[in-house]
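**Student:**
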Amino acid sequence: SILHLEGEEKPKNPLDELVLLKKPSNGKQRIVILGTGWASLAFINNIDPSKYELIVISPRNFFLFTPMLASATVGSLEVRSIIEPIRRVLKRIAKGNCSYIEAECTEINQNENYVVISDSSPLEGPRPKDIKISYDKLVIAVGSVPHTMGTKGVKEHCLFLKEANDALRIRTKVMDCFERASFPNQPINEIKRLLHFTVVGGGPTGVESAGELYDFIHDDLVSTFPELVPHCQITLVQSADHLLNTYDAKIIEFTEKQFGRSNIQALYGSRVVEVNETTLKVMSKNDKKEYEIPFGMCIWATGVGPRTLTRKFCASVPDQKNQRAITTDAFLRVVGVPNPNVYAIGDCSTITQNKLLDKVADIFKEADVNNDNQLSIDELVQVVQKYTKTYPQLQPIASELPREFKKFDVNKDGFLQLEEFKQLLQNVDSKLTTLPATAQVANQMGAYLAKSLNVDVIKNEKNDEIHLPASPFNYKHLGSFAYIGSHTSVAEIPGVNFSGGGLGVWYAYRSIYWEKQFSLKNKVLLSFDWMKSIIFGRDISR
Ligand code: FAD
Ligand code: MG
Ligand code: MG
Ligand code: MG
Ligand code: MG
12 SILHLEGEEK PKNPLDELVL LKKPSNGKQR IVILGTGWAS LAFINNIDPS KYELIVISPR
72 NFFLFTPMLA SATVGSLEVR SIIEPIRRVL KRIAKGNCSY IEAECTEINQ NENYVVISDS
132 SPLEGPRPKD IKISYDKLVI AVGSVPHTMG TKGVKEHCLF LKEANDALRI RTKVMDCFER
192 ASFPNQPINE IKRLLHFTVV GGGPTGVESA GELYDFIHDD LVSTFPELVP HCQITLVQSA
252 DHLLNTYDAK IIEFTEKQFG RSNIQALYGS RVVEVNETTL KVMSKNDKKE YEIPFGMCIW
312 ATGVGPRTLT RKFCASVPDQ KNQRAITTDA FLRVVGVPNP NVYAIGDCST ITQNKLLDKV
372 ADIFKEADVN NDNQLSIDEL VQVVQKYTKT YPQLQPIASE LPREFKKFDV NKDGFLQLEE
432 FKQLLQNVDS KLTTLPATAQ VANQMGAYLA KSLNVDVIKN EKNDEIHLPA SPFNYKHLGS
492 FAYIGSHTSV AEIPGVNFSG GGLGVWYAYR SIYWEKQFSL KNKVLLSFDW MKSIIFGRDI
552 SR
C-alpha cells in the first residue's frame, strides 16, 4: 500500500498466521466449552448431544468433586476417587459429536467467533503450534483462582486448596513436618514450630481443612508419633469476627464450640499482612498491633479471584465494567459482545443486576395506564408481569401482589402513589444479592444454560438464532454442608428449616455427597476409601 514503503514489513497480527480448525459440514452448530469443572460438567450432562457438535477445552482432563477435596488432604479418601476423566463423561453422553482437547484457551475473539488454544501439556519436547477454533456458541466456564489479596509471600510459602494436586501437596507437607520434627536432637521450639499447622481464612474451605487435619493427627498420627502429638497445634486465622460468617448463627456457634473442644485455636479479627518462610506476620484489627506466628505449614484459603483469561476478556469488552468476573444478563449471555452467542457460567461469571429503582419514574408512568398518577392493583399486576423478564427480582413477589400492594399502600387509599411505589420497588431491589462462588451455583447455571440451548430457539431481526428461555436463571439454594472434624458436620437446609450439626449430620453429609458422585466407579471407590480408613487408618507415608 502507499503507506508502506518498499522493503518495510506490514505490521502483522500474529493471530492471522494460526490455522483455524474448521467445522465439519454436517450442518450442526458447534459449541465450544471452556473448562471441565462444575459449571461445564453440568452443561455437558444436560446438553442434547444430537443437536450440537461439542468441543471441550481445558488444561485439566478431569472433573474434580471439590466439596470432598479437604478430605483428600489427609487421606480420608484418595484424590482419584473424586475425579472423573472428561473423556469418559463425553463417551457416555455422546454419539461421536463430542471431543476434548487438553489445552488452555489463551484468547477469545468474540468479533470473529473463534478462540485460540495453546498446548498445556507438561511434557518436554516439541510443542504443537497454537490453533484457532471457530464456534457457533461459546460457553466460558474457566472458574477462578485462589486469591492472595496481594499479600506478600503467600505464593512462595503457603499451600492452597483448590486443585487435586494441592491436596497431595498438603498431605506430603504434613508428613515432612512430622518427620523433620522426629529428627534426633531437634530443639523443642523447632518441634513446636514444625508442628504448628496454620490455616488462613475461616470460610468453609479453611474450616474443613482444619477439621480434617485435626482428625488425621488425633486418629492416626497419634499412634505413630505419640511423643510429638502433644506439641501439635492447629491455628485458624480469620479476619472476620466469626468462623463460617456467611452461615446461620446456630452453625457458627456450633462450629466455634466444637473447635474449642478440639483445641483448634481460632484468631478472630486478625489479618495476615505478610508471610515469610517460617512465620506469619499478623495484624490484630482492633489495636492494629502486629505480631509473628511461627509455622510448619500454612494453608491459604481466603477466597477466590479471576483468572488471567477472565481479566483479559473483560478488558477487551468496553461494556464489561467489572474486572473480577464476566458480567452476563439474566439469561447468562455475556453482555457487551457483538454476537448473542457467548455465555459465561460458574465462578468466572456474575449476573447483572438491574435495579428497578433506577427506572422508577418511567416504570410508574408506563404502569399508570389511566393517567391518574396512581396505580390500582390491576395496573400493578400488569406492570409486574411485563417486567419480570428484565427484572428477575420481581419473580418472588409476582404471586403475592395483593399482599404487597396492601403493605405498601401506606395511606390506605386503595392506590399506590409514586412514593409508595418507590418504597415497593426499593424493597424488591433490596433482595438482590450476588450469587456466591459455589459448586451449587455453577451446577445450576450449567444445567439451566444447556436446557435453554436444547429448546427455545427464536430468531432476531438479523436472523441470528437466539435462545431465550421463558424465564431468567433463578438460583435455588438447596443448603450448605461443612465437615468440621471429629465425625461432625454442620448443615443448613432451607427447605426443611434445619441448621445445626452433629454425627447424624455427618452421616447425611457423607451419603448426600456419595449420591452426588457422577459415576458408579467413584461411588465404589469412595466406599472403599472410607472402609479402608476405618479398618486400617489413614496412610502415613508421604
Ligand atoms: P471450576 O470447577 O474451578 O472449573 C474450572 C475449569 O476451567 C477447570 O477444569 C480448569 O482446568 C478450566 N480452565 C482454567 N483455565 C482455563 C483456560 N484458560 N482454558 C480452558 N479451561 C480452563 N462449592 C459448594 O457449593 N459446596 C462445597 O462444599 C464446596 N466446597 C469446596 C471445597 C474446596 C476445597 C474448593 C476449592 C471449592 C469448594 N466449592 C464448594 C466451590 C466450588 O468448587 C466452585 O464454586 C466450583 O468449582 C466452580 O465451578 P466452575 O465450573 O466455575 O469452576
Ligand atoms: Mg466449569
Ligand atoms: Mg471443579
Ligand atoms: Mg392509575
Ligand atoms: Mg396509597
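First residue of the sequence shown? That's 12 in our numbering, and the numbers climb one at a time after it. Backbone N, C-alpha and C fix where the C-beta goes; we use that ideal spot for every residue, glycine too.
(1) Beta carbon of Ser92: closer than 8 Å to some heavy atom of ligand 1?
(2) What three-state label does DSSP hand Phe509 in the structure shown?
(3) Can you look up Cys309 in the DSSP assignment and give me helix, strand or coil?
(4) CB-CB under 6 Å to Pro215, same chain, minus the five flanking residues each way: which ones, in chain order?
(5) Going straight from the alpha carbon of Lys268 to that of Arg182, what length do you get?
(6) Identify every residue that forms a DSSP beta bridge with Leu32.
(7) Judging by CA-CA distance, which residue of Val185, Asp373, Gly154 is the nearest neighbour of Ala355?
(8) Say yes only if the C-beta of Ala502 is nearer than 8 Å to one or more non-hydrogen atoms of ligand 1, and no if none qualify.
(9) Among the candidates Pro96, Ser327, Lys332, Thr363, whose CA atom is the shortest distance from the CA of Arg344?
(10) Is it buried or exposed for Asn333, if we count other Cβ within 10 angstroms and need 16 for buried?
(11) So which of Ser530, Thr499, Asp540 has the shortest CA-CA distance to Tyr520?
(12) Between the beta-carbon of Glu89 and the beta-carbon of Phe76, is there less than 9 Å?
(13) Measure the alpha-carbon distance for Ala114 versus Asn72 and round it to whole angstroms.
(14) Tell me the rounded alpha-carbon separation between Glu64 and Gly38.
(15) Among the candidates Leu537, Gly316, Leu101, Ala221, whose CA atom is the shortest distance from the CA of Asn274?
(16) May I ask you to report which of helix, strand or coil DSSP gives Glu123?
(17) Please give the ranges of any alpha helix (DSSP H) in the region 147-227, keeping only runs that are unbroken, at least 4 residues long and fully inside the region.
(18) At what residues does the beta strand (DSSP E) containing Tyr354 begin and finish?
(19) Please classify Glu219: is it buried, with 16 or more other beta-carbons within 10 angstroms of its beta-carbon, or exposed?
(20) Alpha carbon to alpha carbon, what distance is there between Leu368 and Leu436?
(21) Give, in chain order, every unbroken run of the beta strand (DSSP E) that is at least 3 residues long and sits entirely within the region 240-271.
(22) For the pair the region 255-262 and the region 227-236, tell me if three or more CB-CB distances fall below 8 Å.
(23) In the DSSP assignment, the beta strand (DSSP E) including Met294 goes from what residue to what residue?
(24) First and last residue of the alpha helix (DSSP H) that includes Thr338?
(25) Please report the distance separating the alpha-carbon of Leu14 from that of Val127.
(26) Can you tell me whether Pro70 sits near ligand 1, meaning its C-beta is under 8 Å from at least one heavy atom of the ligand?
(27) Cβ of Glu431 within 9 Å of Cβ of Asp440?
(28) Among Asn57, Leu149, Gln406, whose alpha-carbon lies nearest the alpha-carbon of Ile68?
(29) Comparing C-alpha positions only, which one of Val371, Leu134, Pro480, Leu464 sits nearest to Asn56?
(30) Secondary structure at Tyr402, three-state DSSP: helix, strand or coil?
(31) Is any heavy atom of ligand 1 found at a distance shorter than 8 Å from the C-beta of Trp49?
(32) So is Tyr302 buried or exposed if we call it buried at 16+ other beta carbons inside 10 Å?
(33) Which same chain residues, not among the five before or five after Arg98, have their C-beta less than 8 Å away from its C-beta?
(34) Using 8 Å as the Cβ pair cut-off and three pairs as the minimum, do the region 197-207 and the region 316-326 touch?
(35) With respect to 8 Å, is the separation between the Cβ of Cys359 and the closest non-hydrogen atom of ligand 1 below this value?
(36) With distances taken Cα to Cα, identify the nearest neighbour of Asp358 among Thr47, Leu32, Arg191, Ser510.
**Tutor:** Judging by the given coordinates:
(1) Taking the first residue of the sequence shown as 1, we reach residue 92 at position 81. It does not: the Cβ of Ser92 is nowhere closer than 8 Å to a heavy atom of ligand 1.
(2) As a first step, residue 509 is located in the sequence shown; it is residue number 498 there, counting from the start. Looking at Phe509 - three-state DSSP - the assignment turns out to be strand.
(3) Within the sequence shown, residue 309 is the residue found at index 298, counting from 1. Correct three-state label for Cys309: strand.
(4) Locating residue 215 in the sequence shown gives position 204, counting from the first residue. Exclusion of the five residues before and after Pro215 leaves Ala493 as the residues of its chain whose Cβ lies within less than 6 Å of its Cβ.
(5) Locating residue 268 in the sequence shown gives position 257, counting from the first residue. Locating residue 182 in the sequence shown gives position 171, counting from the first residue. Their backbone Cα atoms lie some 26 Å apart in a straight line.
(6) Taking the first residue of the sequence shown as position 1, residue 32 is located at position 21. Partner(s): Ile144.
(7) As a first step, residue 355 is located in the sequence shown; it is residue number 344 there, counting from the start. With distances taken between Cα atoms, Ala355 lies closest to Gly154.
(8) For the purposes of this step, residue 502 is taken as the residue at position 491 of the sequence shown. Taking 8 Å as the cut-off, one finds no heavy atom of ligand 1 near enough to the beta carbon of Ala502.
(9) As a first step, residue 344 is located in the sequence shown; it is residue number 333 there, counting from the start. From the listed residues Pro96, Ser327, Lys332, Thr363, the smallest Cα separation to Arg344 is found for Thr363.
(10) Looking up residue 333 in the sequence shown gives position 322. By the 10 Å Cβ count, Asn333 comes out exposed.
(11) Counting from one through the sequence shown, the residue named residue 520 turns up at place 509. Looking only at Ser530, Thr499, Asp540, the smallest Cα-Cα distance to Tyr520 is reached by Thr499.
(12) As a position in the sequence shown, residue 89 is number 78, starting the count at 1. As a position in the sequence shown, residue 76 is number 65, starting the count at 1. Cβ distance not < 9 Å, so Glu89 and Phe76 don't count as in contact.
(13) The residue given as residue 114 occupies position 103 in the sequence shown. The residue given as residue 72 occupies position 61 in the sequence shown. Going by the C-alpha atoms only, they are around 9 Å apart.
(14) What you label residue 64 is simply residue 53 of the sequence shown in a count that begins at 1. What you label residue 38 is simply residue 27 of the sequence shown in a count that begins at 1. Computed Cα separation, rounded: 9 Å.
(15) By 1-based counting over the sequence shown, the position of residue 274 is 263. Looking at the Cα atoms, Ala221 is the closest of the given residues.
(16) The count along the sequence shown starts at 1 and reaches residue 123 at position 112. Coil, per DSSP.
(17) Whole alpha helix (DSSP H) segments, 4+ residues: 165-168, 175-192, 199-205, 215-226.
(18) Within the sequence shown, numbered from 1, the residue matching residue 354 stands at position 343. Start and end: 353-355.
(19) Against the sequence shown, residue 219 aligns to sequence position 208. Glu219 should be labelled buried.
(20) Residue numbering aside, residue 436 sits at position 425 when the sequence shown is read from its first letter. Residue numbering aside, residue 368 sits at position 357 when the sequence shown is read from its first letter. Using only the alpha carbons, I get a separation of about 6 Å.
(21) Along the length of the region 240-271, whole beta strand (DSSP E) runs at least 3 residues long occupy 244-248, reported in chain order.
(22) No, they do not touch.
(23) Here residue 294 refers to the residue found at position 283 when the sequence shown is read from its first residue. Here the beta strand (DSSP E) through Met294 covers 290-295.
(24) Residue numbering aside, residue 338 sits at position 327 when the sequence shown is read from its first letter. Unbroken run through Thr338 is the beta strand (DSSP E), 337-339; no alpha helix (DSSP H).
(25) Residue numbering aside, residue 14 sits at position 3 when the sequence shown is read from its first letter. Residue numbering aside, residue 127 sits at position 116 when the sequence shown is read from its first letter. Caution is warranted here: a pLDDT of 48 is assigned to Leu14, below 50, making its placement in the model unreliable, and no coordinate value can be reported.
(26) For the purposes of this step, residue 70 is taken as residue 59 along the sequence shown, with counting starting at 1. Yes, Cβ of Pro70 sits closer than 8 Å to a heavy atom of ligand 1.
(27) Against the sequence shown, residue 431 aligns to sequence position 420. Against the sequence shown, residue 440 aligns to sequence position 429. No, the Cβ-Cβ distance between Glu431 and Asp440 is not below 9 Å.
(28) As a working mapping, residue 68 is identified with position 57 in the sequence shown. Proximity to Ile68 across Asn57, Leu149, Gln406 peaks at Leu149, based on C-alpha coordinates.
(29) In the sequence shown, residue 56 corresponds to position 45, counting from 1. Per the Cα distances, Leu464.
(30) Along the sequence shown, one-based indexing puts residue 402 at 391. Of the three classes helix, strand and coil, the one that applies to Tyr402 here is coil, per DSSP.
(31) Against the sequence shown, residue 49 aligns to sequence position 38. It does: the Cβ of Trp49 is within 8 Å (strictly closer) of some heavy atom of ligand 1.
(32) As a first step, residue 302 must be located in the sequence shown, where it is residue number 291. Counting the other Cβ atoms within 10 Å of the Cβ of Tyr302 gives fewer than 16, which makes it exposed.
(33) The residue labelled residue 98 in the question sits at position 87 within the sequence shown. Shown here for Arg98: same chain residues with a beta carbon closer than 8 Å to its own, the five before and five after excluded, namely Asn72, Tyr111 in chain order.
(34) In this structure the region 197-207 does not touch the region 316-326; the number of beta carbon pairs closer than 8 Å is below three.
(35) On the sequence shown, position 348 is the one that residue 359 refers to. Because some heavy atom of ligand 1 lies under 8 Å away, the Cβ of Cys359 counts as near it: yes.
(36) For the purposes of this step, residue 358 is identified with residue 347 of the sequence shown, where counting begins at 1. Nearest C-alpha to Asp358 among Thr47, Leu32, Arg191, Ser510: Thr47.
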